[in-house]
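**Q**
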Amino acid sequence: MSGPRLKDKTCFVTGAGQGIGRAISERFLAEGAVVIAADVRFDGGLAGARRVTLDVTDEAAVATAARAYPAVSVLVNCVGVVVQGALLDCDPAEFDRSMNLNVRSMMLTMRAFLPAMLARRQGSIINIASVVSSVMAAPDRCAYGTSKAAVLGLTMSVARDYIAQGVRCNAISPGTVETPSLHDRWATTGDIEAARAAFVARQPMGRLGQTDEIAATAVLLASDEATFMTGANLVIDGGMSL
9 MSGPRLKDKT CFVTGAGQGI GRAISERFLA EGAVVIAADV RFDGGLAGAR RVTLDVTDEA
69 AVATAARAYP AVSVLVNCVG VVVQGALLDC DPAEFDRSMN LNVRSMMLTM RAFLPAMLAR
129 RQGSIINIAS VVSSVMAAPD RCAYGTSKAA VLGLTMSVAR DYIAQGVRCN AISPGTVETP
189 SLHDRWATTG DIEAARAAFV ARQPMGRLGQ TDEIAATAVL LASDEATFMT GANLVIDGGM
249 SL
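Residue numbering for the sequence shown follows the working numbering, beginning at 9 and increasing consecutively.
1) Please determine, among R193, N108, I171, V90, the residue with the shortest C-alpha to C-alpha distance to G153.
2) Rounded to whole angstroms, what's the CA-CA distance from N110 to G23? Just pull it up for me.
3) Taking all protein chains shown into account, decide if A57 is buried (16 or more other Cβ within 10 angstroms of its Cβ) or exposed.
4) Are the beta-carbon atoms belonging to L14 and A151 less than 8 angstroms from one another?
5) Between the beta-carbon of N108 and the beta-carbon of A179, is there less than 8 angstroms?
6) If V70 and G131 are in contact, beta carbons under 8 angstroms, what's the gap, nearest whole angstrom?
7) With DSSP as the reference, label T72 as helix, strand or coil.
8) Beta strand (DSSP E) containing C177: first to last residue?
9) Given a cut-off of 8 angstroms, decide if Q211 and R330 are closer than it, judged by their beta-carbon atoms.
10) Just how far apart, CA to CA, sit I44 and V60?
11) Using 8 angstroms as the threshold, is the C-beta distance between T65 and R112 below it?
12) If you measure between the beta carbons of T219 and T184, is that distance less than 8 angstroms?
13) Buried or exposed: L95, going by 16 or more other Cβ atoms within 10 Å of its Cβ?
14) For the beta strand (DSSP E) that contains R128, what are its first and last residues?
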C-alpha cells in the first residue's frame, strides 16, 4: 500500500501525553490521520494533533468527548497505571484504582465511541494491555497483571459481539518498554542504573522495547491492511514471555 496508511481516518488516542500513547499519536499523524490526543495533562509536543484534556475515569466527560468527535473511526486506549505488590502487599484501594484506570476506563471509552462506529459499520479499537496479564506473571504485579488480563478478556468480548457489524477490536501486549513512567519507577528505587540493569537483564534480547516499536503495530491495526484481524492479542515483548 502506497501513501499515508491512515489518510482520512480520525483517531482518538487516550494516554497521549507521554510514552506509548504519545508515540502512537505521533506515528498516526505521520501516517496522515486526524488525531485527537487525550490525557489529563500534556508536556508540550504533538504538533498537528487536537489535544483534549480528559479524565477517562469520568463517565460524563468521556461521553462528552465522544459527542464532540463523532467521526472517530480508530480508538486507542492507552491509559494505565502500574500498581506494585504481591497479593498480601496490595491494598484493596490500590487494587480498585488499578481496575478503574486500566479496565473500567476502556469500557467507558468503548461504550461512548462504539455507537457511531456501528452506525457507519466501520471502526478499529486498539487496547494497550501487557504481556504481564494472562500471558505471563511477573513478581509483585498482582493488581497490574489482573487488570491487564481483564483488558484482554474485554477486548475479546467486544471483538466477538461486534464482529459482524464492521468494528474490529484488538489488543497489543508490550513487554518492558522504555517510557517516562518507567524512568519514574526506577528513580523511586534510589539507584536508577541498578534498576535499569535489572529490567534489561530479564530481556532475552538484552534491551528494552521502544515506544516507536509499539506505535508501528498500532498503525497496522488501525489501517485497512488489518481488516481481517479482530480479537487478536499482539505480543511485543522481545521474547520476555518465551
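Yeah, the Cβ is synthetic: ideal placement off N, Cα and C, and Gly gets one too.
**A** In terms of the structure at hand:
1) V90
2) 11 angstroms
3) buried
4) no
5) no
6) Actually they do not touch by this definition, with Cβ atoms about 16 angstroms apart.
7) helix
8) 175 to 182
9) Here the chain comprises residues numbered 9 to 250, so residue 330 is not present and cannot be evaluated.
10) 7 angstroms
11) yes
12) no
13) exposed
14) Careful: R128 lies outside any beta strand (DSSP E), inside the alpha helix (DSSP H) at 113 to 128.
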